[in-house]
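K.L.:
Numbering (the working numbering), first residue to last: 624 to 951.
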């Protein structure tokens with residue numbers, strides 16, 4: 624009887640053993656599948672905390688699946704107050720709450736990640752940090768401002784092309800409902816938003832007005848030809864002329880204001896208004912997709928044109944507000 628019981632129950636026991644052994648392996652495989660590892664450069668902006676929470680916390684409203692922030696390099700710029708005063712606090716949050724591993728040098732991220740988020744708040748630091756990040760050979764998202772000068776932005780693009788590394792840079796505000804406004808027949812648009820300056824940035828509009836400028840380019844496209852800049856201590860007005868005689872303007876207000884856009888179409892002159900500009904979730908979704916497939920959601924050419932537009936606007940200011948052609 625004992626032998627009979629052994630023969631009867633052995634297959635069952637073996638089945639149970641098989642289940643116990645395989646289930647954890649299956650779960651581990653499922654957790655690994657499609658889960659990208661992201662690394663951060665620069666913990667001196669609140670974006671690193673927001674992005675990490677959206678990616679790493681499945682219970683977060685608006686959670687973006689498919690990637691996890693796993694490593695970071697602190698960075699920081701001692702001569703910029705909001706960098707100096709925040710870099711350690713945001714780093715502490717990432718380390719203690721999200722168990723992000725910190726590295727002593729940017730190249731230390733290379734074996735740990737599948738993609739890199741260059742988040743440093745200081746555009747002056749981006750060229751050198753980008754140069755080091757390129758050695759990883761991984762896709763790179765560059766937080767605004769991409770650079771402190773047009774020359775730096777162009778050099779970053781050239782270095783990435785030589786290294787054959789995909790990259791993109793953009794404001795979060797061009798995604799979501801703003802994209803839906805880009806329809807055929809647009810004759811012009813008016814955008815408004817805040818534009819505080821940071822004294823260390825050579826291209827002054829890149830520090831914060833870049834948000835409003837990117838909203839304008841999202842609906843108007845990259846084929847801008849000329850820009851004129853009118854300046855007062857409280858307001859800058861940028862008037863651009865696009866192909867076909869289309870006109871787009873940006874009203875940059877200091878120190879702060881809400882964002883909004885009015886879009887005009889050929890069929891009538893009644894503007895389509897948008898005053899609720901969505902935040903980070905659409906951008907984070909596009910970052911994950913970009914790291915996965917290597918295709919920038921905003922073309923590198925358009926990003927460089929935006930920097931040429933801001934550079935031309937600065938030349939207009941320096942020349943007393945005359946129109947300046949935007950270099951291609």
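Note that the Cβ used here is the ideal one computed from N, Cα and C, for glycine as well.
A quick note: this is a predicted structure, and the numbers were derived from the prediction, not measured.
Which two residues bound the contiguous alpha helix (DSSP H) that contains residue 833?
P.N.:
First-last of the alpha helix (DSSP H) with residue 833: 833-843.
K.L.:
Does the beta-carbon of residue 879 have 16 or more other beta-carbons within 10 angstroms, so that it is buried, or is it exposed?
P.N.:
Under this definition residue 879 is an exposed residue.
K.L.:
Could you tell me whether the Cβ atoms of residue 661 and residue 800 are closer together than 8 Å?
P.N.:
No.
K.L.:
Quick check on this structure: which residue in 684, 931 and 863 has the alpha carbon closest to the alpha carbon of residue 950?
P.N.:
The shortest Cα separation from residue 950 among 684, 931 and 863 belongs to 931.
K.L.:
Nearest-angstrom Cα distance between residue 743 and residue 891?
P.N.:
Taking the straight line from one Cα to the other gives about 43 Å.
K.L.:
Within 10 Å of its beta-carbon, does residue 948 have 16 or more other beta-carbons around it, so buried, or fewer, so exposed?
P.N.:
Counting Cβ neighbours within 10 Å, residue 948 comes out exposed, since fewer than 16 surround it.
K.L.:
Alpha carbons only, please: which of 796, 763, 841 and 774 is nearest the one belonging to residue 786?
P.N.:
When each option's Cα is compared against that of residue 786, the closest is 763.
K.L.:
Is it the case that the Cβ atoms of residue 854 and residue 796 are separated by a distance below 8 Å?
P.N.:
Going by C-beta atoms, residue 854 is not nearer than 8 Å to residue 796.
K.L.:
Within a Cβ cutoff of 6 Å, which residues of the same chain sit near residue 863, ignoring the five residues on either side of it in sequence?
P.N.:
Only 847, 850 and 871 meet the Cβ criterion.
K.L.:
With DSSP collapsed to three states, give me the class of residue 893.
P.N.:
Strand, per DSSP.
K.L.:
Could you check which residue in 812, 747 and 866 has the C-alpha nearest to that of residue 767?
P.N.:
Ranking the options by Cα distance to residue 767, first place goes to 747.
K.L.:
By DSSP, does residue 714 sit in helix, in strand, or in coil?
P.N.:
Looking at residue 714 - three-state DSSP - the assignment turns out to be helix.
K.L.:
Let me make sure I understand the geometry here. Which of 906, 821 and 664 has the alpha-carbon closest to that of residue 717?
P.N.:
Of 906, 821 and 664, the residue nearest in Cα terms is 664.
K.L.:
If we count the other Cβ atoms within 10 Å of its Cβ and call it buried at 16 or more, is residue 697 buried or exposed?
P.N.:
Per the 10 Å Cβ criterion, buried.
K.L.:
For residue 726, I'd like the list of residues in its chain whose CB is within less than 7 Å of its CB, leaving aside the five on either flank, ordered along the chain.
P.N.:
Result list for residue 726: 694, 696 and 732, in chain order.
K.L.:
Can residue 709 and residue 737 be called in contact, C-beta distance under 8 Å?
P.N.:
No, the Cβ-Cβ distance between residue 709 and residue 737 is not below 8 Å.
K.L.:
Which residue spans inside the region 762-807 form an unbroken alpha helix (DSSP H) run of at least 4?
P.N.:
If we require 4 residues or more, the alpha helix (DSSP H) runs fully inside the region 762-807 come out as 773-786 and 800-803.
K.L.:
If you run the structure through DSSP and keep just helix, strand and coil, what is residue 675?
P.N.:
It is helical.
K.L.:
How about residue 815 and residue 821: do their beta carbons lie closer than 8 Å?
P.N.:
Going by C-beta atoms, residue 815 is not nearer than 8 Å to residue 821.
K.L.:
Residue 845: buried (16+ other C-beta within 10 angstroms of its C-beta) or exposed?
P.N.:
Its Cβ being crowded by 16 or more others within 10 Å, residue 845 is buried.
K.L.:
Can you tell me whether residue 649 is buried or exposed, with buried defined as 16 or more other CB within 10 angstroms of its CB?
P.N.:
Reliability of the predicted coordinates at residue 649 is poor, the pLDDT of 27 falling under 50, and the value obtained from them is presented with this limitation in mind. With fewer than 16 other Cβ atoms within 10 Å, it is exposed.
K.L.:
Could you work out which residue in 933, 701, 765 and 887 is closest to residue 806 when comparing CA atoms only?
P.N.:
Nearest option by C-alpha distance: 887.
K.L.:
For residue 905, report the span of its alpha helix (DSSP H) as first-last.
P.N.:
Run containing residue 905: 904-916, per the alpha helix (DSSP H) assignment.
K.L.:
Just to confirm my understanding: we take residue 826, look at its own chain, exclude 5 residues before and 5 after, and list those with CB closer than 7 Å. What are they?
P.N.:
Result list for residue 826: 771, 772, 773, 933, 934 and 937, in chain order.
K.L.:
Which residues mark the beginning and the end of the beta strand (DSSP E) in which residue 874 is found?
P.N.:
Start and end: 870-876.
K.L.:
Would you report the Cα separation of residue 783 and residue 749, rounded to the nearest angstrom?
P.N.:
Roughly 13 Å between the two C-alpha positions.
K.L.:
In whole angstroms, what separates the C-alpha of residue 714 from that of residue 798?
P.N.:
Between residue 714 and residue 798, the C-alpha separation is close to 27 Å.
K.L.:
If distances are taken between C-alpha atoms only, which option among 861, 895 and 722 comes closest to residue 929?
P.N.:
Checked all of 861, 895 and 722; the closest Cα to residue 929 is 861.
K.L.:
Ends of the beta strand (DSSP E) at residue 694?
P.N.:
Residue 694 -> beta strand (DSSP E) spans 690-696.
K.L.:
Using only the alpha-carbon positions, how far apart do residue 692 and residue 735 sit?
P.N.:
Near 10 Å, if we compare the C-alpha coordinates of residue 735 and residue 692.
K.L.:
Have a look at 917, 769, 721 and 780 and flag the residue whose alpha-carbon is nearest the alpha-carbon of residue 824.
P.N.:
It is 769.
K.L.:
Here's the rule: buried if 16 or more other CB atoms are within 10 angstroms of the residue's CB, otherwise exposed. What is residue 792?
P.N.:
Burial call: buried.
K.L.:
When the Cα atoms are used, what is the spatial distance from residue 679 to residue 686?
P.N.:
Roughly 8 Å between the two C-alpha positions.
K.L.:
Can you tell me whether residue 836 is buried or exposed, with buried defined as 16 or more other CB within 10 angstroms of its CB?
P.N.:
So residue 836 ends up on the buried side.
K.L.:
Nearest-angstrom Cα distance between residue 683 and residue 723?
P.N.:
Approximately 18 Å, taken between the alpha carbons.
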